[in-house]
Amino acid sequence: MTSLFDKLNLRPNERRLVIIVAIVVFILLNAFFVWPEFGEWGRLQKREREATALLKAYQTEVDNTQRYQKQLAELQQAGAAVATEEQASKLATTVNNQAVLSNVQVIRSDFGGRQPTLGRTNQFFEEQRGTISVTMEERALVDFLYNLGVGGSLIRVRSMSLNTDGPRQRLLGTVQLVASFAKRAPVRAAPAAATLARTNAAPTATANPRSTNSGLRPNLAATQTTNVVRTTNAAPSLIQRLKNWGTSAASRSNAPTKK
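The working numbering numbers the first residue of the sequence shown as -12 and each following residue consecutively.
Below is the structure:
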């Protein structure tokens, strides 16, 4: 450093000023470029800890896959799935079989057709309704209603009215049952309509040539009539020529012969 100052021929006061300026520049460079990076290591360590915790949580859920599959199978067997349209047609059979098992006597049954869920926001389901008139004991009624709601049938009671018989030993009632099932999407008939439109358009395209030909027929008839008239007019002129030739020949034969 001394040799550098000697080469520049700086005096002691000037040397002190240069050293002070160099120190200030060094401090400013560190303040702007070095000191802000001191917290980067801490931020990197924090991100590493968060990524490790997230990976551990994901790995825990992956390890629970078999347990979740087992729970899903149990829920499906418990009747969590919606009944299909084919199962809805078996409403009468299911109700009658359960009535026999529960010792419920069915006096009259009426199972109507499928009805859409009108007035509701969900139009993806239809209902199968049925009404039965039964007579049974109190315990048999409880057993019958409980077993209808068990399993995957999704049969529920919409309304029920109960009375007692004459001796007051049995119950008489009317039960309205409803079973829900998924509705199939209707098949669109757009291709059939397009085919029908093409079929109807074909005769229209072939109708124009007929009208054109019919317009040509009067001209053809007029041409034929003109030719006949010309032939008729030409016949008298030919006959007149023959008559004139015959008259001239006769006059020559009757003329006196010169001696």
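Note that CB positions come from ideal geometry on N, CA and C, so glycine has one too.
{"query": "Taking 8 Å as the cut-off, decide whether the C-beta atoms of residue 143 and residue 153 are in contact.", "result": "no"}
{"query": "Are residue 128 and residue 158 touching if we call contact CB-CB under 8 Å?", "result": "yes"}
{"query": "So residue 145 and residue 164 are supposed to be a Cβ contact under 8 Å. How far apart are they, rounded?", "result": "7 Å"}
{"query": "Please classify residue 59: is it buried, with 16 or more other beta-carbons within 10 angstroms of its beta-carbon, or exposed?", "result": "exposed"}
{"query": "Within the continuous alpha helix (DSSP H) that includes residue 144, where are the two ends?", "result": "First-last for residue 144: 142 to 151, but that is the beta strand (DSSP E), not the alpha helix (DSSP H)."}
{"query": "Residues in the same chain with beta-carbon distance under 6 Å from residue 150, minus the five sequence neighbours each way, listed in chain order, please.", "result": "159"}
{"query": "Grouping DSSP H, G and I as helix and E and B as strand, with all else coil, what is residue 124?", "result": "coil"}
{"query": "Taking only the alpha-carbon atoms, compute the straight-line gap between residue 39 and residue 50 and give it to the nearest angstrom.", "result": "16 Å"}
{"query": "The alpha helix (DSSP H) spanning residue 4 covers which residue range?", "result": "-1 to 16"}
{"query": "Does residue 262 come out as helix, strand or coil in the three-state DSSP assignment?", "result": "What the structure shows of the chain is the stretch from -12 to 246, and residue 262 is not part of that stretch, so it cannot be assessed."}
{"query": "Work out the CA separation of residue 124 and residue 155 for me, nearest whole Å.", "result": "10 Å"}
{"query": "Give every residue of the same chain whose Cβ lies closer than 7 Å to the Cβ of residue 85, excluding the five residues on either side of it in the sequence, and list them in chain order.", "result": "131, 134, 135"}
{"query": "So, for residue 0: in the same chain, excluding its five sequence neighbours on each side, which residues have a beta-carbon less than 6 Å away from its beta-carbon?", "result": "none"}
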